[in-house]
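Worksheet: the structure to be examined is printed underneath.
In UniProt numbering, the protein residues as written are 1 to 307.
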């Protein structure tokens, strides 16, 4: 969803400029949607990883504001926005890690070795942790890792995801979801709707219908992703936080006090007791969707941290 309004249009900030959107191919994916904004060719870069159920268009206000001061690269994860679905409906952390590596290298060759900062939100926050520790093991110079309301310690799963993992109901729902993907996709759209109520009114009006159409465009893919993410290891990644804590990377976790997706108290307690080198910023009155609902504050905070 790119935009061509002039700068006087108040809706403009909620859309990605056409000139900053492109499509590339990487192994296993014929089409990957990119957002690339270059502020200073010789300057450092920020890689932004959005959540696994949203996509770059939903984060347009955040990306547009962040790119005013920084070189920014972002992309759509498999099966959402403008990126092809995963082959064989595989959406494991390892598959997504390999995907991210290939996309980053194809979009900006050598980027991890050029003082890269990684910012991630929600499940993208967890993937930023996974990607950063992976890069560090390879000897790359990662400067900053900023995780916004990240999964990885403890989460509050959606009702659908909880039911899909129960011993008796789970197998039945799995069969129904595969057999009736249209109904599955509509259920996921219904469960996601409340997130948009927290957005600024202009943003909600601009983004809800395109998001809904995207989710319903290929209901088989949406259903497959839902089933995969019900089994996704959202929790119990404490060892990676500890590993990052022991590195020399400047690591920050930003939490929201009214988050109904991430268990903020449990995550904060773990980090404060086990990861003393990771800085923590808590916004008591904010909800989970920090990049969509609080783009101004969060981008200002990030820009104050990054070089």
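For glycine and all other residues, C-beta sits at the position ideal for the given N, C-alpha and C.
Quick caveat: nothing in here was measured; it's all calculated off a predicted structure.
Residue 21 holds the alpha-carbon nearest to the alpha-carbon of residue 32 among 185, 47, 272, 21.
Checking the DSSP bridge columns, you'll see residue 180 has no partner listed. Taking every protein chain shown into account, the CB of residue 190 has fewer than 16 other CB atoms within 10 angstroms, so this residue is exposed. Beta-bridge analysis with DSSP links residue 281 to 254.
Separation of residue 140 and residue 112 (C-alpha to C-alpha, rounded to the nearest whole angstrom) is 6 Å. Around the CB of residue 194, fewer than 16 other CB atoms lie within 10 Å, so the residue is classed as exposed. Along the region 180-254, the alpha helix (DSSP H) occurs as fully enclosed runs of 4 or more residues at 181-197, 201-217, 219-230, 238-246, listed in sequence order.
Minimum Cα-Cα distance from residue 200 among the listed residues 84, 296, 132, 54 corresponds to 296. Residue 209 and residue 196 have their C-alpha atoms roughly 11 Å apart.
Using a Cβ distance threshold of 8 Å, residue 143 and residue 26 do not count as a contacting pair. Here residue 225 is buried: its Cβ has 16 or more other Cβ atoms, across all protein chains shown, within 10 Å. Bounds of the beta strand (DSSP E) holding residue 35 are 29-37.
Around the beta-carbon of residue 65, 16 or more other beta-carbon atoms lie within 10 Å, marking it buried.
Counting only runs of 3+ residues, the beta strand (DSSP E) found wholly inside the region 32-117 occupies 45-49, 71-75, in chain order. Residues of the same chain with a CB within less than 8 Å of the CB of residue 158, apart from the 5 flanking positions on each side, are 191 in chain order.
Cβ-Cβ distances below 8 Å link residue 281 to 252, 253, 254, 255, 301 in the same chain, with the five nearest sequence neighbours on each side left out; the list follows chain order. The continuous alpha helix (DSSP H) containing residue 128 extends over residues 123-137. Under DSSP, residue 170 takes part in no beta bridge, so it has no partner. Nearest to residue 232 by C-alpha distance, out of 13, 165, 147, is 165. Between residue 78 and residue 99 a beta carbon distance of about 6 Å is seen, short of the 8 Å cut, so the two are scored as contacting. Across the structure, residue 155 and residue 219 are spaced so that their CA atoms are roughly 26 Å apart. Across the set 244, 176, 13, 198, the C-alpha of 244 shows the shortest separation from the C-alpha of residue 279. Excluding sequence positions up to five before and after residue 80, its CB lies within less than 8 Å of the CB of 52, 53, 54, 55, 214, 225, all in the same chain and listed in chain order. Secondary structure of residue 306 (DSSP, three-state): coil. Membership of residue 21 in the beta strand (DSSP E) is indicated by the continuous run 21-26. Assignment of beta-bridge partners to residue 120 by DSSP yields 49, 147. Between residue 16 and the set 107, 67, 306, the nearest pair of CA atoms involves 67. Around residue 76, the same chain offers 33, 55, 56, 82, 83 as residues with beta carbons nearer than 6 Å, after the five sequence neighbours per side are excluded. Taking all protein chains in view, the Cβ of residue 153 is crowded by 16 or more other Cβ atoms within 10 Å, so the residue is classified as buried. Annotation for residue 148: 121, 125, 254, 290 place their beta carbon closer than 6 Å to its own, counting only its chain and skipping 5 residues before and after. When rounded, the separation of the alpha-carbon atoms in residue 169 and residue 236 is 24 Å.
For residue 260, the three-state secondary structure derived from DSSP is coil. In the DSSP secondary-structure assignment, residue 142 is bridged to 116.
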